[in-house]
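J.: Take the position in the sequence shown, starting the count at 1, then add 44; the result is the number in our numbering. Backbone N, C-alpha and C define an ideal beta-carbon position, used for all residues, glycine too. There's a structure below that I have some questions on.
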Amino acid sequence: MTDFSDDSPAANSNWVTDADGDALKGLTKKIAAVSQRQSSWTRDDWPTQQLSLMAEAQVYRWFISRANGGLEWSARDIAKGYIALGSACLTSTFIVTQRVAAMKRVAACDNVDLKQRVLTGMLDGSAPATVGISHLTTSRRHAKKPVMGVTRSNGQWQVDGFAPWVTGANHAQWLLMGGVLNDGKEILFLLPTDTVGVQIEKGFDLIALSASHTGAVKCDTVLVPEANVVAAPQESVLATRAGGGAGGVQTSALALGLVRSAIDFIQQESVARPELAETADALNQQFDLLFDLTLKVADGAFESVGQLRADANSLATRSTQAAMIAAKGAGFVDGHPVGRWCREALFFLVWSCPQQVAEAGLCELVTRAE
Ligand SMILES: Cc1cc2nc3c(=O)[nH]c(=O)nc-3n(C[C@H](O)[C@H](O)[C@H](O)COP(=O)(O)OP(=O)(O)OC[C@H]3O[C@@H](n4cnc5c(N)ncnc54)[C@H](O)[C@@H]3O)c2cc1C
45 MTDFSDDSPA ANSNWVTDAD GDALKGLTKK IAAVSQRQSS WTRDDWPTQQ
95 LSLMAEAQVY RWFISRANGG LEWSARDIAK GYIALGSACL TSTFIVTQRV
145 AAMKRVAACD NVDLKQRVLT GMLDGSAPAT VGISHLTTSR RHAKKPVMGV
195 TRSNGQWQVD GFAPWVTGAN HAQWLLMGGV LNDGKEILFL LPTDTVGVQI
245 EKGFDLIALS ASHTGAVKCD TVLVPEANVV AAPQESVLAT RAGGGAGGVQ
295 TSALALGLVR SAIDFIQQES VARPELAETA DALNQQFDLL FDLTLKVADG
345 AFESVGQLRA DANSLATRST QAAMIAAKGA GFVDGHPVGR WCREALFFLV
395 WSCPQQVAEA GLCELVTRAE
């Protein structure tokens with residue numbers, strides 16, 4: 045595997061190799077400039093430039109060990125990176141999270157041949173994978189029959205059914221998907237997106253993040269060779285190895301990225317309207333507390349990842365709505381970024397949201413502070 049250490053000749057000035065230097069600030073500035081020019085975020089749009097900038101900066105390498113060709117950032121630095129990127133462009137950063145989820149599962153797997161075949165293109169962003177695994181954790185869990193079934197067929201695995209949510213499948217080369225066997229065990233496998241029997245549906249028209257091209261992927265008698273198995277059949281396959289579970293610390297980092305955009309807006313408005321300064325200050329204090337908490341959770345020093353996500357969700361909702369109050373009617377006109385941020389805050393109420401976080405959200409909504 046190529047050596048990508050900082051002093052390697054392969055290291056390039058576009059690379060963002062640490063979370064605290066000017067390179068990350070430069071990258072987020074460029075991405076934010078592209079996003080500010082982008083007037084349409086529908087399912088007919090796709091954040092090509094933002095994703096290219098991230099690939100050139102080698103963002104995908106942050107998440108992977110040096111032994112596997114990555115830059116091996118700590119969870120703390122990744123959280124800082126996600127907050128910065130999420131603030132610059134939530135849609136493209138979200139797409140990256142799904143690509144990273146797939147890549148990490150591949151990098152952590154025991155299938156060495158598979159890794160050698162596919163990891164290089166995932167790391168440089170030229171052949172990304174995305175995930176369709178939520179039906180093993182947070183989606184369709186109440187369905188009597190698993191939505192994606194897997195059976196053994198002539199030495200291969202046969203997949204039938206669908207993954208209800210897959211982000212950016214039509215821009216990916218690979219799909220990392222999970223299926224359920226008759227005995228209840230679960231398997232993870234990697235499929236080229238052009239595999240016979242795979243049908244990628246057009247992305248949903250979403251409340252927000254439609255430009256992430258999130259939709260269902262159907263599998264009709266799809267055959268998966270053993271060579272493409274990422275994790276052999278087992279109980280709760282996602283609970284093992286790297287990859288992160290639903291509602292992990294990095295989902296909160298993305299929510300805080302959105303919070304940052306909303307507070308920055310209120311702060312800018314407060315220059316001409318000093319009455320908004322108090323609101324900006326109060327929200328900033330809450331952001332700082334959650335920022336520190338995120339780093340603590342990332343370091344493993346604080347256990348309550350669910351509480352962090354619940355608090356991040358709450359601040360995302362409140363700060364974007366405060367930005368709407370600050371923007372007044374102008375913010376309510378379609379195309380104003382504040383309206384988009386309010387809708388994007390809703391996304392965190394449903395994406396990768398474990399039961400505990402959903403319950404904390406409901407509890408907050410039915411409780412009104414005196
Ligand atoms: C924009 C977006 C992008 C996403 N991208 C990805 C991705 O790339 N990869 C990925 O794997 N996942 C992805 N997800 C999935 C996500 O992480 C969650 O799994 C998903 O939001 C859960 O919602 P659901 O509607 O599937 O839940 P479900 O639990 O299936 O609920 C759907 C409906 O079923 C009914 N229902 C729910 N529970 C019960 C019950 N106990 N009894 C009876 N009826 C019930 C309700 O009417 C409910 O509205 C994405 C989600 C979103 C919103």
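1. Measuring only the C-alpha atoms, how far is Q330 from N226?
2. Which residue wins for smallest C-alpha separation from I307, given the options L406, A271, L333 and A366?
3. Any heavy atom of ligand 1 closer than 8 Å to the Cβ of A207?
4. Under 9 Å, do F309 and A371 count as touching if we go by C-beta distance?
5. Compute the distance between the beta-carbons of L97 and I75, then report whether it is under 9 Å.
6. Using C-beta distances below 8 Å, list every residue in its chain close to A276, excluding the 5 sequence neighbours before and after it, in chain order.
7. Determine whether the beta carbon atoms of S422 and R353 lie at a separation below 9 Å.
8. Going by C-alpha to C-alpha distance, which of H179, K189 and K159 sits closest to S280?
9. Quick check: the stretch 148-166 against the stretch 337-354, are there 3 or more CB pairs under 8 Å?
10. Confirm the yes/no value for this check: CB of G292, any heavy atom of ligand 1, distance under 8 Å.
11. Taking the beta strand (DSSP E) that P381 falls in, what are its first and last residues?
12. Could you name the residues of the same chain whose beta carbon sits closer than 6 Å to that of A290, not counting the 5 residues immediately before and after it, in chain order?
13. For D51, which residues in the same chain have their Cβ closer than 7 Å to its Cβ, ignoring the five residues on either side in sequence?
14. Buried or exposed, going by whether 16 or more other CB atoms sit within 10 Å of the CB of A326?
15. Taking the beta strand (DSSP E) that K372 falls in, what are its first and last residues?
16. Compare the Cα-Cα distances from L68 to each of A123, S83, P91 and A111 and report the closest residue.
17. Among A316, S358 and A216, which one has its Cα closest to the Cα of D168?
18. Please state whether DSSP places I177 in a helix, a strand or coil.
19. Consider the C-beta atom of R185 and the heavy atoms of ligand 1; say whether any pair is separated by less than 8 Å.
20. Could you check what DSSP says for Q80 in three-state terms: helix, strand or coil?
21. How long is the line joining the alpha carbons of T265 and T141, rounded to whole angstroms?
22. Once you ignore the five residues that flank V268 on each side, which residues in its own chain have a CB closer than 7 Å to its CB?
23. Cβ-heavy atom distance between V144 and ligand 3 below 8 Å?
24. Any heavy atom of ligand 1 closer than 8 Å to the CB of H179?
25. Between S280 and ligand 1, is the CB less than 8 Å from at least one heavy atom?
26. Report yes if the C-beta of V274 is less than 8 Å from at least one heavy atom of ligand 1; otherwise report no.
27. My guess is that A173 and M192 are in contact by the Cβ rule of under 8 Å, so how many angstroms apart are they, rounded?
28. Specify the secondary structure class of P53 as computed by DSSP and reduced to three states.
29. Keeping to the same chain, check which residues put their C-beta closer than 6 Å to that of G228; ignore five residues upstream and five downstream.
30. Tell me, please, which residues DSSP counts as bridged to S197.
31. Compute the Euclidean distance between the alpha carbons of R317 and A374, then round it to the nearest angstrom.
32. Could you pull out every residue in the same chain whose Cβ sits closer than 7 Å to the Cβ of G379, ignoring the five residues on either side in sequence?
T.: In short:
1. 48 Å
2. A366
3. yes
4. yes
5. yes
6. I231
7. Lying before the first or after the last residue shown, residue 422 is absent from the chain, which here runs from 45 to 414.
8. H179
9. no
10. no
11. Element bounds for P381: not the beta strand (DSSP E) but the alpha helix (DSSP H), P381 to V394.
12. T181, T182, S396 and P398
13. Bear in mind that the predicted position of D51 carries a pLDDT of just 48, short of 50, making it too unreliable to give a figure here.
14. exposed
15. No beta strand (DSSP E) holds K372; the alpha helix (DSSP H) holding it covers V349 to F376.
16. A123
17. A216
18. coil
19. yes
20. helix
21. 29 Å
22. Q200, W201, V203, F233 and L235
23. Ligands present in the displayed structure are limited to ligand 1, and ligand 3 is not among them.
24. yes
25. no
26. no
27. About 17 Å separates the two Cβ atoms, so there is no contact after all.
28. Bear in mind that the predicted position of P53 carries a pLDDT of just 41, short of 50, making it unreliable; the figure below should be weighed with that in mind. Here P53 sits in coil by DSSP.
29. none
30. Q200
31. 15 Å
32. S83
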